[in-house]
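The sequence shown begins at 10 in my numbering and counts up by one.
Ideal placement from N, C-alpha and C gives every residue a C-beta, glycine not left out.
Predicted, not measured: the structure shown is a model, and the values here were computed from it.
Data first, discussion second: the structure below is written as structure tokens.
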Amino acid sequence: MSGETDLRKLIQGMKPELNPGEYVYCLAESKEHALSLDPLFYFLEKEGVTVILQKEKADSMGIPYPMTCAWITLTVHSSLEAVGLTAAVSRSLTDAGISCNIVAAFYHDHIFIPVKDADRAMRVLLELTKHDQ
């Protein structure tokens with residue numbers, strides 16, 4: 010269960026998948042508050058608690074957020090020790106003028122990009138898998 014570490018194999022096999030829905034980054038008052046929101050993700054920072062929620066949930070609870078994101082999962086099982094995958098992905102998206110926020114989980118890397126750029130980001134990532142062969 011250690012995942013792939015070879016960068017060439019990771020890029021060729023990343024198979025980006027656009028998840029349904031819209032997501033937002035928000036701040037929670039505490040870890041307990043974050044957990045009560047049933048977040049997709051939360052992270053404790055010294056300045057506060059960051060959560061990623063479905064946009065509908067944030068809207069229904071009146072929680073403010075700076076932007077609305079689409080969520081892309083790189084479905085390749087990447088090792089936490091792999092070197093270069095997030096750099097290659099962010100570089101490709103940067104070259105296309107697309108902002109990205111990458112969250113690494115145990116099995117996969119997840120990319121949050123502005124909703125308006127979702128289709129273009131998918132094209133960029135699919136093109137990256139072809140160019141690295």
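Looking at threonine 103: is its Cβ nearer than 9 Å to the Cβ of glutamine 21?
Contact: no.
Could you name the residues of the same chain whose beta carbon sits closer than 7 Å to that of alanine 130, not counting the 5 residues immediately before and after it, in chain order?
The residues Ile81, Leu102, Ile107 and Ile122, in chain order, have a CB closer than 7 Å to that of alanine 130 in the same chain once the five nearest residues on each side in sequence are set aside.
So what does DSSP say about tryptophan 49, is it helix, strand or coil?
Note that residue 49 is leucine in the sequence shown, not tryptophan. Note: leucine 49 maps to coil in three-state DSSP.
Could you tell me which of Lys64, Tyr32, Leu49 and His86 sits nearest to lysine 18, measuring between CA atoms?
It is His86.
Serine 87 - DSSP class collapsed to helix/strand/coil:
In the three-state scheme derived from DSSP, where H, G and I count as helix and E and B as strand, serine 87 is classed as strand.
Note down the Cα distance separating serine 88 from histidine 117, rounded to an integer number of angstroms.
Taking the CA atoms as reference points, serine 88 sits about 8 Å from histidine 117.
Under a three-way DSSP split, which group does valine 92 fall into?
Residue state, collapsed to three classes: coil.
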